């Protein structure tokens, strides 16, 4: 039996926190095809409510969202759901900004710079599923196998 089929039989839940509908739908399609059960939140406040009600295995969090950004959501996860905080992947279109770069280094979580390909998304999610921190596989984890 293929890995994809086996995973589909034991689908794990992932929460995608993304305010751009086109990106969240690509994430939903790609991750669903890989056997994930996907929920979407358009900001951190909505994500908090969903996390309180549902058990997620992974979170894919855009750093820049309205109402509550990804950094604030991550801080809340560290305090309220530390196990889930260890299974976060960040996305951002602003990896060059000093504030974002500093946050990503401190958080030591995988990040996926936008724009990204479906293959990069699948690769980084596999690393995150194993619980690997960003330093375990390089400065730009989206590009590592």
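Numbering (our numbering), first residue to last: 12 to 156.
Note that CB positions come from ideal geometry on N, CA and C, so glycine has one too.
For clarity, every value in this text was computed on a predicted model and none was experimentally measured.
Task: Span of the alpha helix (DSSP H) around residue 96 - done: 93-96
TODO: Could you tell me which residues DSSP pairs with residue 48 in its beta bridges?
DONE: 24
Open item on the list: Threshold first: 3 residues or longer. Then list the beta strand (DSSP E) segments lying entirely within the segment 52-96, N to C.
Closed with: 69-73
TODO: Return the Cβ separation of residue 132 and residue 38 in integer angstroms, given the expectation that the two are a contact with Cβ distance under 8 Å.
DONE: 7 Å
Task: Nearest residue (CA-CA) to residue 101, options 81, 87, 113 and 31 - done: 81
Open item on the list: What does the alpha-carbon distance come out to for the pair residue 41 and residue 28?
Closed with: 15 Å
Task: Where residue 35 falls, given that 16 or more other Cβ within 10 Å makes a residue buried - done: buried
- [ ] Please name the residue in 31, 45 and 24 whose C-alpha comes closest to that of residue 129.
- [x] 45
- [ ] In the DSSP assignment, find the alpha helix (DSSP H) that holds residue 114 and state where it starts and stops.
- [x] 109-118
Open item on the list: Measuring straight from C-alpha to C-alpha, what distance separates residue 60 and residue 73?
Closed with: 17 Å
Open item on the list: Whole angstroms are fine: how far does the CA of residue 69 sit from the CA of residue 94?
Closed with: 10 Å
Open item on the list: Spatial neighbours of residue 58 within its chain, please: C-beta separation below 7 Å, excluding the five flanking residues on both sides.
Closed with: 26, 28, 52 and 84
Task: Presumed contact (8 Å Cβ cut-off) between residue 64 and residue 48, rounded CB distance - done: Actually they are not in contact, since the Cβ atoms of residue 64 and residue 48 sit about 14 Å apart, beyond 8 Å.
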